[in-house]
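*Asks:* If you read the sequences in order, they're chains H and U. For reference, each letter of the first sequence is one residue, going 0 to 250 in numbering that gives the first Met the number 0. For reference, each letter of the second sequence is one residue, going 0 to 250 in numbering that gives the first Met the number 0. Where a beta carbon is used, it is the ideal one built from N, C-alpha and C, also for glycine. Quick caveat: nothing in here was measured; it's all calculated off a predicted structure. Just dropping this structure here.
2 protein chains.
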Amino acid sequence: MDEASFLAGYDPRAYPSVAVTVDVVALTIRDGKLCVLLVERGEQPFAGHRALPGGFVREETLDEAALRELAEETGLTSGEAAGELDRVHFEQLRTYGNPGRDPRMRIVSVAYLAFAPHLPEPTAGSDAAHAYWVPVEEAKDLAFDHDQILADGLERARDKLEYTPLATAFVGTDFTISELRQVYAAVWGEELHAGNFHRKVLSVPGFVESTGETAARGGERGGPKAKLYRAGDARLLHPALLRPTREDRVR
Amino acid sequence: MDEASFLAGYDPRAYPSVAVTVDVVALTIRDGKLCVLLVERGEQPFAGHRALPGGFVREETLDEAALRELAEETGLTSGEAAGELDRVHFEQLRTYGNPGRDPRMRIVSVAYLAFAPHLPEPTAGSDAAHAYWVPVEEAKDLAFDHDQILADGLERARDKLEYTPLATAFVGTDFTISELRQVYAAVWGEELHAGNFHRKVLSVPGFVESTGETAARGGERGGPKAKLYRAGDARLLHPALLRPTREDRVR
DNA sequence: CCAATAGTGTCTATGAGACAATATAAC
DNA sequence: GTTATATTGTCTCATAGACACTATTGG
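In structure tokens:
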């Protein structure tokens with residue numbers, strides 16, 4: 000029986016109540032580490048545990064709900080700070096709806112993935128005082144099934160770095176090739192050969208384009224001033240930047 | 000405010016009622032064409048239109064709901080025919096929840112993608128009498144946002160053929176390289192060079208393994224008897240079988 | 001000066017794809 | 001026999017990655 004004929008004959012409110020929420024895996028890079036935005040839970044269940052930011056879906060699209068939740072948790076809801084959210088890349092990750100994933104009632108949660116260049120630390124005193132960035136390797140024992148959601152989000156992020164220009168969502172509008180390489184290193188958790196990476200990025204059509212400008216200064220410990228680039232118009236990278244040591248992932 | 004603290008303070012039943020359904024994009028190959036399973040709608044809205052099979056989620060996981068719906072629509076619910084479903088590859092596609100996607104109420108639908116070797120035509124007289132396989136290029140003007148869901152499913156399927164052994168889900172347990180090539184041709188909608196495809200498939204570790212057997216007979220119009228293979232243990236293809244003419248998809 | 005980094009050059013191994021060649025089986 | 005198909009061979013070009021080298025800048 001299809002959805003509609005079912006609907007025509009039944010009142011859905013007669014069914015056990017189901018709630019729909021969004022949860023957001025928001026990733027950024029701070030101090031060379033890949034970090035995820037977490038909130039502190041003060042109440043049962045999972046009091047004292049950390050969780051992904053999220054909340055109920057209102058009269059809005061799922062995408063809007065996810066963006067709203069991120070804005071609320073980061074405190075970037077107004078003023079010039081709200082503009083920061085414009086550069087955040089958003090995409091739906093996956094939906095989690097196992098019975099029992101929330102001990103109180105049936106909750107179906109649509110998880111989103113967000114990639115941010117460098118959002119500020121949520122400031123104390125705001126609504127978001129209980130939210131903060133945590134290096135992903137320290138984000139363990141999250142509430143509900145959020146460990147799984149985070150793991151799925153990280154896997155997606157690592158995969159998409161290979162064949163999309165997603166990495167540019169983690170840096171400013173103007174960036175050096177080294178900065179881009181550090182994004183890959185942080186997300187993949189391994190160093191990349193600077194020379195080969197440099198040549199490869201420039202060889203992918205539409206990945207980056209030169210601004211003609213040069214960085215204000217060299218590296219912290221010396222080195223020439225790097226050229227600046229901005230994101231190109233490619234939506235897919237071809238050829239892709241395959242990550243090393245993918246043999247493990249094959250079987 | 001996160002999901003849980005919100006829950007603690009609010010009765011979700013006070014919110015506008017939201018229903019959760021699953022819709023299934025079930026694909027198979029019949030007569031060399033990629034086909035999708037559709038159901039005929041007899042009632043408003045969208046009476047006379049076709050739709051993807053789907054229905055409400057019950058006290059079960061989302062995956063179970065999708066599998067159940069497919070079983071009901073294909074009539075493969077009992078006996079030896081039910082075993083056919085064991086070889087169906089299932090994966091979650093995406094969730095659709097825009098307000099207004101169903102004109103009657105807020106419905107959030109979790110879409111699934113199913114790849115089947117060769118399911119029988121749903122038999123008349125069963126519950127599934129109103130369901131049938133349709134070549135994807137003829138599947139237009141579907142109910143609700145199902146055109147979009149189908150398009151997303153096809154895009155996913157085409158992508159996954161590149162880097163996963165998904166194509167083996169469309170053929171029997173034993174198959175020839177030519178049969179595998181015809182799967183790629185049907186899903187990608189373009190012919191592939193037989194010689195290069197052959198060598199490439201065999202060069203990917205874990206994609207296929209020889210059975211040692213040979214097909215009972217040659218091609219319909221002549222040719223040698225092909226060797227038989229079965230799916231290997233690879234979960235990802237490396238190197239990938241990149242599809243031709245991907246330049247269009249880059250920008 | 002010294003150390004670190006940006007950027008380029010070179011070499012090798014591998015894969016993609018065009019094309020050709022050979023062998024086998026249906027009709 | 002004729003034709004289509006399975007399978008293998010060969011050649012060329014592009015790319016990945018290892019490694020080396022030069023130039024530039026901060027300290």
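Alpha carbon to alpha carbon, how far is glycine 96 of chain H from leucine 51 of chain H?
*Replies:* Counting from one through the first sequence, the residue named residue 96 of chain H turns up at place 97. Counting from one through the first sequence, the residue named residue 51 of chain H turns up at place 52. C-alpha separation (whole angstroms): 16 Å.
*Asks:* Any beta-carbon of chain U closer than 8 Å to the one on glycine 211 of chain H?
*Replies:* Start at 1 with the first residue of the first sequence, and residue 211 of chain H comes out as number 212. Cβ-Cβ to chain U under 8 Å: no for glycine 211 of chain H.
*Asks:* Going along the chain, which residues of its own chain have a beta-carbon closer than 6 Å to the beta-carbon of valine 203 of chain H, five neighbours each way excluded?
*Replies:* Within the first sequence, residue 203 of chain H is the residue found at index 204, counting from 1. Hits under 6 Å: Leu236.
*Asks:* Do alanine 230 of chain U and lysine 32 of chain U count as a contact pair if the criterion is CB distance below 8 Å?
*Replies:* Counting from 1 along the second sequence, the entry for residue 32 of chain U is found at position 33. Counting from 1 along the second sequence, the entry for residue 230 of chain U is found at position 231. No, these two residues do not count as a Cβ contact at 8 Å.
*Asks:* What residues in the region 86–100 of chain U bring their beta carbon closer than 9 Å to a beta carbon of chain H?
*Replies:* Gln91, Arg93, Thr94, Tyr95, Gly96, Asn97, Pro98
*Asks:* Within 10 angstroms of the Cβ of leucine 241 of chain U, are there 16 or more other Cβ atoms? Answer buried if so, exposed if not.
*Replies:* On the second sequence, residue 241 of chain U is found 242 positions in, with the first residue counted as 1. The residue is exposed, with fewer than 16 neighbouring Cβ atoms inside 10 Å.
*Asks:* What residues in the region 131–160 of chain H have a beta carbon less than 9 Å from any beta carbon of chain U?
*Replies:* Ala142, Phe143
*Asks:* How about valine 107 of chain H: is its Cβ closer than 7 Å to a heavy atom in the ligand SAH?
*Replies:* As presented, the structure is devoid of all ligands, the ligand SAH included, so that no description of it is given.
*Asks:* Let me make sure I understand the geometry here. Which of H/Leu165, H/Glu189, H/Lys226 has the alpha-carbon closest to that of alanine 215 of chain H?
*Replies:* Residue numbering aside, residue 215 of chain H sits at position 216 when the first sequence is read from its first letter. Of the listed residues, the one whose Cα sits closest to alanine 215 of chain H is H/Lys226.
*Asks:* Tell me, to the nearest whole angstrom, how far the beta carbon of alanine 115 of chain U is from that of threonine 94 of chain U; I am working on the premise that it is less than 8 Å.
*Replies:* Taking the second sequence and counting its residues from 1, one reaches residue 115 of chain U at position 116. Taking the second sequence and counting its residues from 1, one reaches residue 94 of chain U at position 95. So it is not a contact: roughly 22 Å between Cβ atoms.
*Asks:* Enumerated in chain order, which unbroken segments of the alpha helix (DSSP H) with a length of 4 residues or greater are wholly contained in the region 170–235 of chain U?
*Replies:* Whole alpha helix (DSSP H) segments, 4+ residues: 176–187, 193–202.
*Asks:* Enumerate, from N- to C-terminal direction, the unbroken beta strand (DSSP E) stretches of 3 or more residues contained entirely within the region 50–108 of chain H.
*Replies:* Taking only runs of at least 3 residues, the beta strand (DSSP E) segments lying wholly in the region 50–108 of chain H are 53–55, 88–95.
*Asks:* Given a cut-off of 8 Å on the beta-carbon distance, is the pair valine 56 of chain U and valine 24 of chain U in contact?
*Replies:* To locate residue 56 of chain U, count along the second sequence from 1; it is residue 57. To locate residue 24 of chain U, count along the second sequence from 1; it is residue 25. In this structure, valine 24 of chain U does not lie closer than 8 Å to valine 56 of chain U by Cβ.
*Asks:* Against chain U, which members of the region 47–59 of chain H pass a CB distance test of less than 9 Å?
*Replies:* Ala50, Leu51, Pro52, Gly53, Gly54, Phe55, Val56, Arg57, Glu58, Glu59
*Asks:* Could you tell me the boundaries of the beta strand (DSSP E) in which leucine 241 of chain U lies?
*Replies:* As a first step, residue 241 of chain U must be located in the second sequence, where it is residue number 242. From DSSP, leucine 241 of chain U is part of no beta strand (DSSP E); its letter is neither H nor E.
*Asks:* Given that a residue counts as buried once 16 or more other Cβ atoms are within 10 Å of its Cβ, and exposed if not, what is aspartate 232 of chain H?
*Replies:* Stepping through the first sequence from its first residue, residue 232 of chain H is reached at position 233. So aspartate 232 of chain H counts as exposed.
*Asks:* Considering just the uninterrupted stretch of the beta strand (DSSP E) at alanine 130 of chain U, what are its terminal residues?
*Replies:* Mapped onto the second sequence, residue 130 of chain U falls at position 131. Note, alanine 130 of chain U: beta strand (DSSP E), 130–134.
*Asks:* When we look at the beta-carbon of valine 17 of chain H and count the other beta-carbons within 10 Å, is it buried (16 or more) or exposed?
*Replies:* For the purposes of this step, residue 17 of chain H is identified with residue 18 of the first sequence, where counting begins at 1. With 16 or more Cβ atoms within 10 Å of its Cβ, valine 17 of chain H is classed as buried.
*Asks:* Is it buried or exposed for arginine 103 of chain H, if we count other Cβ within 10 angstroms and need 16 for buried?
*Replies:* One-based indexing of the first sequence puts residue 103 of chain H at position 104. Per the 10 Å Cβ criterion, exposed.
*Asks:* Can you list the residues of chain H that leucine 61 of chain U reaches, using a CB-CB cut of under 9 Å?
*Replies:* In the second sequence, residue 61 of chain U corresponds to position 62, counting from 1. Correct list: Thr94, Tyr95, Gly96, Asn97, Val107.
*Asks:* Any idea if alanine 130 of chain U is buried or exposed, counting beta-carbon neighbours within 10 angstroms, 16 or more meaning buried?
*Replies:* The residue you call residue 130 of chain U lines up with position 131 of the second sequence. So alanine 130 of chain U counts as buried.
*Asks:* Does the CB of valine 24 of chain U have a neighbour CB from chain H at under 8 Å?
*Replies:* For the purposes of this step, residue 24 of chain U is taken as residue 25 along the second sequence, with counting starting at 1. Chain H, which has no Cβ nearer than 8 Å to the Cβ of valine 24 of chain U, makes this no.
*Asks:* State whether the region 142–152 of chain H contacts the region 32–45 of chain H, with contact taken as three or more CB pairs (one from each stretch) at a distance under 8 Å.
*Replies:* Result yes; three or more Cβ-Cβ pairs closer than 8 Å.
*Asks:* Mind checking who phenylalanine 114 of chain H pairs with in its DSSP beta bridge?
*Replies:* On the first sequence, position 115 is the one that residue 114 of chain H refers to. According to DSSP, phenylalanine 114 of chain H bridges with H/Leu26, H/His88.
*Asks:* If we call anything under 8 Å between Cβ atoms a contact, is tyrosine 332 of chain H one with threonine 210 of chain H?
*Replies:* Residue 332 of chain H falls outside the range modelled here, since chain H spans only 0 to 250, and no answer is possible.
*Asks:* Between the C-alpha atoms of aspartate 30 of chain H and proline 164 of chain H, what's the straight-line distance to the nearest angstrom?
*Replies:* Locating residue 30 of chain H in the first sequence gives position 31, where the first residue counts as 1. Locating residue 164 of chain H in the first sequence gives position 165, where the first residue counts as 1. Going from the Cα of aspartate 30 of chain H to the Cα of proline 164 of chain H covers about 21 Å.
*Asks:* Is any beta-carbon of chain H found at less than 8 Å from that of arginine 12 of chain U?
*Replies:* Within the second sequence, numbered from 1, the residue matching residue 12 of chain U stands at position 13. Confidence at arginine 12 of chain U is low in this model, with a pLDDT of 49, below 50, so the placement of that residue is unreliable and no value is reported for it.
*Asks:* Give me the Cα-Cα distance between valine 200 of chain H and leucine 66 of chain H, rounded to the nearest whole angstrom.
*Replies:* Taking the first residue of the first sequence as 1, we reach residue 200 of chain H at position 201. Taking the first residue of the first sequence as 1, we reach residue 66 of chain H at position 67. The straight-line gap from Cα to Cα measures roughly 30 Å.
*Asks:* Among U/Gly99, U/Arg220, U/Pro238, U/Arg100, which residue has its Cα nearest to the Cα of leucine 251 of chain U?
*Replies:* Absent from the model: residue 251 of chain U. The displayed extent of chain U is 0 to 250, so no value can be given.
*Asks:* Counting only the same chain and skipping the five closest in sequence on each side, list residues whose C-beta sits under 6 Å from that of threonine 167 of chain U.
*Replies:* To locate residue 167 of chain U, count along the second sequence from 1; it is residue 168. Only Ala230 meet the Cβ criterion.
*Asks:* What residues of chain U sit near valine 17 of chain H, judged by a beta carbon separation below 8 Å?
*Replies:* Here residue 17 of chain H refers to the residue found at position 18 when the first sequence is read from its first residue. Correct list: Val17, Ala18, Val19, Val56.
*Asks:* Taking lysine 32 of chain H as part of the beta strand (DSSP E), name the residues at either end of that continuous run.
*Replies:* As a first step, residue 32 of chain H is located in the first sequence; it is residue number 33 there, counting from the start. Element bounds for lysine 32 of chain H: 32–39.
*Asks:* Please state the DSSP three-state secondary structure of threonine 20 of chain U.
*Replies:* Your numbering for residue 20 of chain U matches position 21 in the second sequence. Strand, per DSSP.
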